[in-house]
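Student: In my numbering, the protein residues as written are 348 to 580.
#1: Once the 5 residues before and after residue 408 are set aside, which same chain residues still bring their CB inside 6 Å of it?
#2: By how many angstroms is the C-alpha of residue 386 removed from the C-alpha of residue 459?
#3: In angstroms with no decimal places, state the Cα-to-Cα distance between residue 394 and residue 400.
#4: Should residue 372 be labelled buried (16 or more other beta-carbon atoms within 10 Å of its own) or exposed?
#5: Quick one: what's got a C-beta closer than 6 Å to residue 369's C-beta in the same chain, skipping five residues either side?
#6: What is the DSSP secondary structure of residue 381, reduced to helix, strand or coil?
#7: To the nearest angstrom, how far is the alpha carbon of residue 383 from that of residue 454?
#8: Are at least three pairs of beta-carbons, each pair with one atom in the stretch 487-497 and one in the stretch 536-547, less than 8 Å apart?
#9: Give every residue of the same chain whose Cβ lies closer than 7 Å to the Cβ of residue 487, excluding the five residues on either side of it in the sequence, and list them in chain order.
#10: May I ask you to list the residues that DSSP assigns as paired with residue 536?
#11: If you run the structure through DSSP and keep just helix, strand and coil, what is residue 369?
#12: Which runs of the alpha helix (DSSP H) spanning at least 4 residues fall entirely within the stretch 402-475, listed in chain order?
#13: Just checking my contact of residue 530 with residue 476 at CB under 8 Å: how many whole Å lie between their CB atoms?
#14: Suppose the cutoff is 7 Å on Cβ atoms and the five residues either side in sequence are ignored; what does the same chain contact list for residue 519 look like?
#15: What is the rounded straight-line gap between the Cα of residue 578 and the Cα of residue 512?
#16: By a C-beta neighbour count over all protein chains shown, 10 Å radius and 16 as the cutoff for buried, is residue 484 buried or exposed?
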């Protein structure tokens, strides 16, 4: 099959399942507000999404302003991307409007530190599927083997093989769902025997998706490094 970028595959997954109001165009909101650690790769991620949108004829809005999270404004978007967000970034009213957006069929993509976001908002944790619970240090970026555990999904079918060796900052997670059947559907898991610093054991997903509260969500741990957004796989 034609090789597609990771973000193209993310969009294939989500953009066909946006809010139930019909739209004349596909439009994404890329949100990268940080109230904690700020990843330098945000810029590289935005560039990758802009490139994808230009190739596909989609519209992109980027913002770090939480004021974009109103029920009326969110209705314009097929998918909302949390690109390396961190910390407490939405107030209570904005959280409620985002919940209504998902409940009306909206799409969510979480990239890397999206799981290091909104720890006091349990609904958000369930939407993402897990919360950040640390990562290896000295160095924080390491190499390891990824196991492709679901090969028939649009965002993994291009890998072909069973193992993907790569470098990135590998998160450990505070799991919201202990069993895939209860929540997330794992796509890629990390083999903790191939690096030091993993704490999740035999079940350590790194990318997953699920239907949630009327909408759909897709999350990837990968995205700490600039290279994540340019490597072909």
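For glycine and all other residues, C-beta sits at the position ideal for the given N, C-alpha and C.
Treat the numbers as computed from the prediction; the structure is a model and nothing was measured.
Tutor: Straight from the coordinates:
#1: By one-based count along the chain shown, residue 408 stands at place 61. So the qualifying residues of the chain are 376.
#2: Walking along the chain shown from the start, residue 459 turns up at place 112. Walking along the chain shown from the start, residue 386 turns up at place 39. Answer to the nearest angstrom: the Cα atoms are 10 Å apart.
#3: Locating residue 394 in the chain shown gives position 47, where the first residue counts as 1. Locating residue 400 in the chain shown gives position 53, where the first residue counts as 1. Straight-line Cα distance between these residues: approximately 10 Å.
#4: What you label residue 372 is simply residue 25 of the chain shown in a count that begins at 1. Exposed is the call here.
#5: As a position in the chain shown, residue 369 is number 22, starting the count at 1. The predicted position of residue 369 is uncertain, since its pLDDT is 46 and thus under 50; a value taken from the coordinates is nonetheless stated next. Nothing meets the Cβ criterion.
#6: The residue you call residue 381 lines up with position 34 of the chain shown. Looking at residue 381 - three-state DSSP - the assignment turns out to be strand.
#7: Translated into positions along the chain shown, residue 383 becomes position 36. Translated into positions along the chain shown, residue 454 becomes position 107. Take the alpha-carbon of residue 383 and the one of residue 454: they are about 25 Å apart.
#8: yes
#9: For the purposes of this step, residue 487 is taken as the residue at position 140 of the chain shown. The beta carbon of residue 487 lies closer than 7 Å to those of 516 in the same chain, with the five residues before and after it left out.
#10: For the purposes of this step, residue 536 is taken as residue 189 along the chain shown, with counting starting at 1. Residue 536 pairs with 494 and 552.
#11: Counted from its first residue, the chain shown places residue 369 at position 22. Residue placement at residue 369 is flagged as unreliable, the pLDDT there being 46, under the threshold of 50; a coordinate-derived value is accordingly withheld.
#12: 418-421, 439-450 and 469-475
#13: If you number the chain shown from 1, residue 530 lands on position 183. If you number the chain shown from 1, residue 476 lands on position 129. Contact flag correct, Cβ pair sits at about 6 Å.
#14: Start at 1 with the first residue of the chain shown, and residue 519 comes out as number 172. Closer than 7 Å at Cβ, skipping near neighbours: 480, 481, 482, 545, 546 and 547.
#15: Within the chain shown, the letter at position 231 stands for residue 578. Within the chain shown, the letter at position 165 stands for residue 512. About 12 Å.
#16: Taking the chain shown and counting its residues from 1, the one referred to as residue 484 is at position 137. When all chains shown are included, residue 484 counts as exposed.
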